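Undergrad:
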Amino acid sequence: MAEAHQAVAFQFTVTPEGLDFHLGREAIKQLYLAGISSWKKRLVRAKNSFLTGVYPASPSSWMVVMVATAGSFYCQVDPSLGMIARIRHCLHLLTYESRTVVSTVLFSTGVWLSAVLLFRQALKLLLSYHGWMFEPHGKMSRRTRIWVALMKVLSIRKPLLYSFQTSLPKLPVPPVEATITRYLESVRPLMDDDKYSKMEALAKEFKEKTAPRLQKYLILKSWWTTNYVSDWWEQYIYLRGRSPLMVNSNYYAMDFLYVTPSHIQAARAGNVVHAILLYRRKLDRGEIPPVMALGIVPMCSYQSERMFNTTRIPGKETDTLLHLVESKHLAVYHKGRFYKVWLYYGGQLLQPRDLELQFQRILDDPSPPQPGEERLAALTAGERVPWAEARARFFSHGKNKVSLDAIERAAFFLTLDEEEHGYSSGQEGCMDAYAKSLLHGQCYDRWFDKSFTLVVYKNGKLGANAEHSWADAPIIGHLWEFMLATDKFQLGYTEGGHCLGEPNTLLAPPQRLQWDISQECCATIESSYRLAKALADDVDFCCFQFSDFGKGLIKKCRTSPDAFIQISLQLAHFRDKGCFCLTYEASMTRLFREGRTETVRSCTAESTAFVRSMADTRQTVSDAQGSGSPTPQALQTSSLSLRLHPAVSSRRSLSLVGSPCLTVVLIPWGGP
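Quick note, the sequence shown lines up with residues 0 to 671 if you use numbering that gives the first Met the number 0.
1) For a test of the three-state rule: what should DSSP assign to Tyr128, helix, strand or coil?
2) Report the rounded CA-to-CA distance for Phe545 versus Ser436, giving the unit in angstroms.
3) Pro351 by DSSP, collapsed to three states: which one?
4) For Arg392, does the count of other Cβ atoms within 10 angstroms reach 16, so buried, or fall short, so exposed?
5) Thinking C-beta only, is Thr99 closer than 9 Å to Phe72?
6) Please report the straight-line C-alpha distance between Thr636 and Trp514, rounded to a whole angstrom.
7) Can you tell which of Arg311, Leu349, Arg239, Trp232 has the C-alpha that lies nearest to the C-alpha of Ala507?
8) Considering only DSSP beta bridges, list what Thr379 is partnered with.
9) At a cut of 8 Å, does the stretch 417 to 427 reach the stretch 381 to 397 through at least three beta carbon pairs?
10) Looking at C-alpha atoms only, which residue of Arg595, Tyr433, Ala470 is the closest neighbour of Tyr456?
11) Apart from the five residues just before and just after Arg279, which ones in its own chain have a Cβ nearer than 6 Å to its Cβ?
12) Does the structure place the stretch 583 to 603 close enough to the stretch 285 to 303 that three or more beta carbon pairs sit under 8 Å?
13) What are the partner residues of Phe412, as DSSP defines its beta bridges?
14) Go ahead and label Arg144 buried or exposed: buried means 16 or more other beta carbons lie within 10 angstroms of its beta carbon, across all protein chains shown.
15) Could you give the first and the last residue of the continuous alpha helix (DSSP H) run that contains Met613?
16) Give the single residue among Leu90, Ala376, Ser154 whose Cα lies nearest to the Cα of Leu105.
17) Closest to Arg408 by C-alpha separation, out of Ser468, Tyr338, His477, would be which residue?
18) DSSP state of Arg511, grouped into three classes?
19) Would you decide whether Ser621 is buried or exposed? Buried here means 16 or more other CB atoms lie within 10 Å of its CB.
20) Do Asp404 and Gly269 have their C-beta atoms within less than 9 Å of each other?
21) Suppose you measure from the CA of Thr582 to the CA of Met190; what does that come to, to the nearest Å?
22) Helix, strand or coil: how does DSSP classify Met291 here?
23) For Cys439, which of helix, strand or coil comes out of DSSP?
24) Taking the alpha-carbon positions, what's the Ala571 to Asp561 distance?
25) Going by DSSP, which residues form a beta bridge with Trp672?
26) What first and last residue would you give for the beta strand (DSSP E) that runs through Val599?
27) Output yes or no for whether 9 Å exceeds the beta carbon distance between Thr309 and Lys449.
28) Per DSSP, what kind of secondary structure is Glu316 in: helix, strand or coil?
29) Taking Leu244 and Phe447 to be in contact with their CB atoms under 8 Å, please state how far apart those CB atoms are, rounded to whole angstroms.
30) DSSP beta-bridge partners for Gly462?
31) With a threshold of 8 Å, establish whether the CB of Gln120 neighbours any heavy atom of the ligand SAH.
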């Protein structure tokens with residue numbers, strides 16, 4: 000019935016006079032509703048842009064200023080000091096009363112806009128203060144108290160997601176001397192006296208010869224860009240990488256460990272997809288509040304813009320990110336077949352029960368994969384250059400291009416997996432298999448180029464595999480928390496495990512994507528699959544549950560859980576290898592505009608001294624305390640590699656001749 004209903008909505012026939020088109024009433028209705036929905040979204044975006052642009056002020060404050068000005072003028076008190084009269088004098092074509100009203104409105108608007116600019120500059124200055132980070136835990140200086148009070152006053156109005164974006168400070172360019180000094184401090188525990196002396200000489204050569212020129216270019220770049228690092232970071236760290244995304248770059252997220260809201264695969268997929276789309280709608284409307292450190296310091300929300308409708312496009316030298324403003328369909332993979340599922344009907348989001356119906360239709364489809372279709376996604380799991388060449392050669396025209404566009408332009412990618420995974424207390428290694436499945440799957444059942452692939456297993460468990468270049472893991476983490484909470488506590492299920500409500504049987508079934516894959520293309524797919532399979536088989540993954548204690552106990556000891564884990568890793572590595580190594584930990588720089596991540600070098604002189612004292616059985620607690628405890632500033636590990644990375648990037652951009660002094664940034668990373 001659904002197929003027949005959709006078929007009569009749009010018809011065309013070939014006549015001697017040409018093509019005869021006929022649009023049914025249902026088709027016209029759907030076009031009308033889609034147009035209305037599109038215009039509503041444009042109006043919402045325009046409204047949000049205005050509200051974000053005037054924050055922390057509001058349109059109502061403009062009315063207050065205008066009424067106050069008009070009231071004062073009515074009481075024969077001129078707050079404009081003659082400005083209203085001058086404006087009125089220039090409006091010759093209007094009556095006296097009209098000129099008075101217009102001049103009052105113009106003056107009030109000018110005063111209001113000036114106040115908006117003043118407030119925004121004040122907010123920007125306040126957000127440039129970071130002294131609170133260096134104060135002892137539990138203590139607050141008078142300066143910080145005043146800063147907190149002013150921040151609360153200026154942020155009293157509920158902000159939208161991007162309200163603070165233009166008020167966030169730019170990432171500052173650190174002085175070369177400070178960077179090199181802190182770098183040398185970070186590598187000192189890793190080197191003997193001879194190696195360290197050579198490193199000091201190289202650092203001195205770098206500071207005197209190459210660094211001044213590169214520093215000038217970095218400062219110049221910081222003046223005309225919102226962030227002098229992020230574009231290079233995205234380009235050189237991610238998009239120019241030619242190795243497989245799978246395992247090397249992409250990361251994963253897991254489901255609830257102990258709870259499975261529904262064991263029906265289609266129902267769980269229906270609820271979580273609807274929850275994700277609700278999050279996307281909130282994102283488009285700016286209704287998601289920005290992340291606030293300590294409840295008052297906003298973090299940059301720029302990375303959220305490319306969460307949906309985004310795909311990484313392979314290139315021979317560098318990849319690019321394709322981001323669409325809007326996407327109304329979903330790409331689905333099941334048993335080697337690709338489908339396109341529309342997410343809207345009549346201009347409205349499909350309800351969970353409707354999505355369950357669509358996914359169940361896919362699960363019940365008995366048709367086999369087309370030649371070359373089953374392992375097609377292995378192209379995204381292999382090397383980037385062969386995938387770029389295959390995409391340009393085999394997927395740039397015909398039905399292959401249409402089908403590939405349907406995947407790349409989808410809101411995100413969904414895999415209805417045939418396997419069953421999840422935590423089971425009586426099954427050894429279940430978490431290992433679960434994690435490996437989300438990390439690489441079968442090497443051909445995840446579209447690793449999409450911003451994220453949602454994986455729903457046969458037993459109702461789920462997870463995600465996310466591409467890294469468009470954003471960092473916390474961004475997906477916010478979506479994941481919202482999705483799990485909405486699925487479990489808001490949408491819910493029937494007693495039988497199905498989505499709530501009744502399905503719309505008039506929905507057209509999912510559209511099967513069509514392919515024309517040649518033998519040569521199949522050979523390329525098989526080559527990428529073999530490479531990806533070897534990479535996946537080489538992954539040794541151990542994931543287990545640790546229940547002895549959690550972050551609560553660590554916080555009771557007035558210790559940072561992150562610092563506890565980092566020092567534990569250093570201790571474990573030293574006990575295992577008997578030495579230390581250069582250690583990388585990612586930290587966010589989202590206190591700055593368009594900030595991404597920074598490199599924290601957690602192997603420091605203080606941490607190595609602590610580890611050595613722990614490993615020395617002759618040391619007692621009193622001996623360790625007597626040696627003196629480091630200050631918080633000393634314990635704050637140096638964030639250096641990212642700051643030196645722009646110098647290397649600018650050297651590449653300027654085609655400078657390589658110098659041995661740049662060895663200071665090329666020491667390979669180790670790992671606990």
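Ideal Cβ positions, reconstructed from N, Cα and C, are used throughout, including at glycine.
For clarity, every value in this text was computed on a predicted model and none was experimentally measured.
TA: Considering the structure as presented:
1) As a working note, residue 128 is residue 129 in the sequence shown. Coil at Tyr128, not helix or strand.
2) Against the sequence shown, residue 545 aligns to sequence position 546. Against the sequence shown, residue 436 aligns to sequence position 437. Their Cα atoms are separated by approximately 21 Å.
3) In the sequence shown, the residue the question calls residue 351 occupies position 352. The answer is helix: DSSP assigns Pro351 an H, G or I state.
4) Counting from one through the sequence shown, the residue named residue 392 turns up at place 393. Classification of Arg392: exposed, given that the 10 Å Cβ count is below 16.
5) The sequence position of residue 72 within the sequence shown is 73, counting from 1. The sequence position of residue 99 within the sequence shown is 100, counting from 1. Yes, these two residues count as a Cβ contact at 9 Å.
6) On the sequence shown, position 637 is the one that residue 636 refers to. On the sequence shown, position 515 is the one that residue 514 refers to. With a pLDDT of only 39 at Thr636, under 50, the local geometry of the prediction cannot be trusted, and the value read off the model is given with reservation. About 53 Å.
7) Within the sequence shown, residue 507 is the residue found at index 508, counting from 1. With distances taken between Cα atoms, Ala507 lies closest to Leu349.
8) For the purposes of this step, residue 379 is taken as the residue at position 380 of the sequence shown. Per DSSP, none; premise fails for Thr379.
9) no
10) To locate residue 456, count along the sequence shown from 1; it is residue 457. Per the Cα distances, Tyr433.
11) One-based indexing of the sequence shown puts residue 279 at position 280. If we look at Arg279 and ignore the five residues flanking it on each side, its Cβ neighbours are Phe307.
12) yes
13) One-based indexing of the sequence shown puts residue 412 at position 413. In the DSSP output, where bridge partners are listed per residue, Phe412 has Ala330, Thr452.
14) For the purposes of this step, residue 144 is taken as the residue at position 145 of the sequence shown. The residue in question, Arg144, is exposed, as its Cβ has fewer than 16 Cβ neighbours within 10 Å.
15) Reading the sequence shown from its first residue, position 614 is the one you call residue 613. Note, Met613: alpha helix (DSSP H), 604 to 614.
16) Here residue 105 is taken as the residue at index 106 of the sequence shown, counted from 1. For the residues Leu90, Ala376, Ser154, the minimum Cα distance to Leu105 belongs to Leu90.
17) On the sequence shown, position 409 is the one that residue 408 refers to. Of the listed residues, the one whose Cα sits closest to Arg408 is Tyr338.
18) Stepping through the sequence shown from its first residue, residue 511 is reached at position 512. Arg511 falls in the strand class under three-state DSSP.
19) On the sequence shown, residue 621 is found 622 positions in, with the first residue counted as 1. Exposed, since its Cβ has fewer than 16 Cβ neighbours within 10 Å.
20) As a position in the sequence shown, residue 404 is number 405, starting the count at 1. As a position in the sequence shown, residue 269 is number 270, starting the count at 1. In this structure, Gly269 does not lie closer than 9 Å to Asp404 by Cβ.
21) Along the sequence shown, read from residue 1 onward, the residue named residue 582 stands at position 583. Along the sequence shown, read from residue 1 onward, the residue named residue 190 stands at position 191. Rounded to whole angstroms, Thr582 to Met190 spans 14 Å at the Cα level.
22) To locate residue 291, count along the sequence shown from 1; it is residue 292. It is a strand residue.
23) Position 440 of the sequence shown, counted from the start, is the residue given in the question as residue 439. Here residue 439 is His; the residue named in the question, Cys, does not match the sequence. Correct three-state label for His439: coil.
24) Taking the first residue of the sequence shown as 1, we reach residue 571 at position 572. Taking the first residue of the sequence shown as 1, we reach residue 561 at position 562. Taking the straight line joining both Cα atoms gives about 15 Å.
25) Residue numbering for the chain in the displayed model covers 0 to 671; residue 672 lies beyond these limits and cannot be assessed.
26) In the sequence shown, the residue the question calls residue 599 occupies position 600. Segment 596 to 600, the beta strand (DSSP E) holding Val599.
27) In the sequence shown, residue 309 corresponds to position 310, counting from 1. In the sequence shown, residue 449 corresponds to position 450, counting from 1. Yes, the Cβ-Cβ distance between Thr309 and Lys449 is below 9 Å.
28) If you number the sequence shown from 1, residue 316 lands on position 317. Here Glu316 sits in coil by DSSP.
29) Along the sequence shown, one-based indexing puts residue 244 at 245. Along the sequence shown, one-based indexing puts residue 447 at 448. The Cβ separation is near 5 Å, so the contact holds.
30) For this step, residue 462 is matched to residue 463 along the sequence shown. Per DSSP, Met253, Val454.
31) Summarising the ligand content, the structure contains no ligands, and the ligand SAH is consequently not present.
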